[in-house]
Amino acid sequence: MHIIRITLEASRILIVEDETALAHLVERVLREEGYATHTEFTGENALAVVMGSEPDCIVLDVGLPDIDGLKVCSLLRERGFRTPIIMLTARDTVPDRVRGLDSGADDYLVKPFSFDELLARIRAHLRRTAPSQELITVGEVTIDPGARTVLRDGMPIELTDHEFRLLEILMRHAGKVLSRQQLLDYVWGYGIEPNSNVVDLYIYYLRKKLDTDTAHRLIQTVRGAGYKIEA
Ligand code: CA
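Residues 453 to 683 in my numbering are what the sequence shown spells out, letter by letter.
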């Protein structure tokens, strides 16, 4: 497993490719473009990673040693994941393309492909799925994702980047419990040790800044599960 610590807001790309040389090359090219990458070499591991924390885009080789990329793709779609998937394949025949697209892939690149083309396709799919920039309100708190501003009862609240990102992700999933691991992955990216208490610490910071009414907490601790925000 190859893990890289991401910079804030880097899009997270999962690379699934069993040819290690190619996997590492793709990884290097994507990192140089500023993406956070995570590489897996088998279909089973790729599924596990996506279930744990959905990436922003998946580059998925068809030929894998265990379950092939087509199967991985159709399983992800069956489980409701809409993540953009770009399939890589060694062959270029019409039936191959059809099978790839039928399995739920969004795009299809034939090896050997140019990295410029891969990057262009990734950019296109990320644009398509970029989160909405509309205002989000929960209780008396409103955030503007585009401007990265926060208002509580109409008064601006200063947040650090990580605090903002944590609040944003909770508000985008208002009413839903997010686990510490999901929050870690969303806010800090792949590669933070799972037992880190950084999430609890930042929840504490957020509460101090905008959730001071302890009788009516917006950010709620769900014992054994994680956190949620709810008015
Ligand atoms: Ca392969």
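For every residue, glycine included, the Cβ atom is placed at its ideal position computed from N, Cα and C.
Legend entry - Nearest to His625 (by Cα), restricted to the options Thr541, Leu670 and Cys525: Leu670
Legend entry - Runs of alpha helix (DSSP H) wholly within the segment 635-675 (minimum 4 residues, chain order): 650-662
Inset, instruction - Taking 5 Å as the limit, tell me which residues put their C-beta closer than that to any heavy atom of ligand 1, in chain order. - result: Asp470, Asp513 and Gly515
Inset, instruction - Over the uninterrupted alpha helix (DSSP H) stretch that includes Asp559, give me the two end residues. - result: Here Asp559 belongs to no alpha helix (DSSP H); instead the beta strand (DSSP E) covers Asp559 to Val562.
Inset, instruction - May I have the straight-line CA-CA distance separating Val514 from Gln633, to the nearest angstrom? - result: 29 Å
Inset, instruction - Decide if Glu479 is buried, meaning its Cβ has at least 16 other Cβ atoms within 10 Å, or exposed. - result: buried
Legend entry - Ile574 beta carbon less than 8 Å from that of Ala557: no
Legend entry - Pro547: first and last residue of the uninterrupted alpha helix (DSSP H) it sits in: Val546 to Asp554
Inset, instruction - Give the secondary structure of Gly495 by DSSP, where H, G and I count as helix, E and B as strand, and everything else as coil. - result: Correct three-state label for Gly495: helix.
Inset, instruction - Identify every residue that forms a DSSP beta bridge with Thr601. - result: Within the DSSP bridge table, the entry for Thr601 names Asp596 as partners.
Legend entry - Integer Cβ distance of Glu620 from Ile595, believed to fall under 8 Å: 6 Å
Legend entry - Identity of the residue in Leu474, Leu512 and Leu635 nearest Val651 by Cα: Selected option, being the one with the closest Cα: Leu635.
Legend entry - Between the CA atoms of Asp559 and Arg551 - distance to the nearest angstrom: 12 Å
Inset, instruction - Would you be able to state if there are at least three C-beta pairs under 8 Å between the segment 501-512 and the segment 521-530? - result: yes
Inset, instruction - Counting only the same chain and skipping the five closest in sequence on each side, list residues whose C-beta sits under 8 Å from that of His577. - result: Once the five neighbours on either side are set aside, the close Cβ partners of His577 are Cys509, Pro536, Ile538, Asp558 and Asp559.
Legend entry - Cβ distance (whole Å) where Val674 is taken to contact Val629 below 8 Å: Between Val674 and Val629 a beta carbon distance of about 5 Å is seen, short of the 8 Å cut, so the two are scored as contacting.
Inset, instruction - Ignore the nearest five residues each way along the sequence and tell me which others in Arg580's own chain have a CB closer than 8 Å to its CB. - result: Closer than 8 Å at the Cβ level, and outside the excluded window around Arg580, lie Pro536.
Inset, instruction - Identify whether Ile621 lies in helix, strand or coil by the three-state DSSP scheme. - result: helix
Legend entry - C-beta atoms of Leu516 and Thr494 nearer than 8 Å: yes
Inset, instruction - For Leu570, collect the residues of the same chain with a Cβ closer than 8 Å to its Cβ; drop the 5 residues on either side in sequence, then sort them by chain order. - result: Val478, Val481, Val511, Ile538 and Leu561
Inset, instruction - Tell me whether Ile455 sits in a helix, a strand or coil according to DSSP, three-state version. - result: Because Ile455 carries a pLDDT of 38, less than 50, the predicted location of this residue cannot be relied on, and the following value inherits that uncertainty. It is a strand residue.
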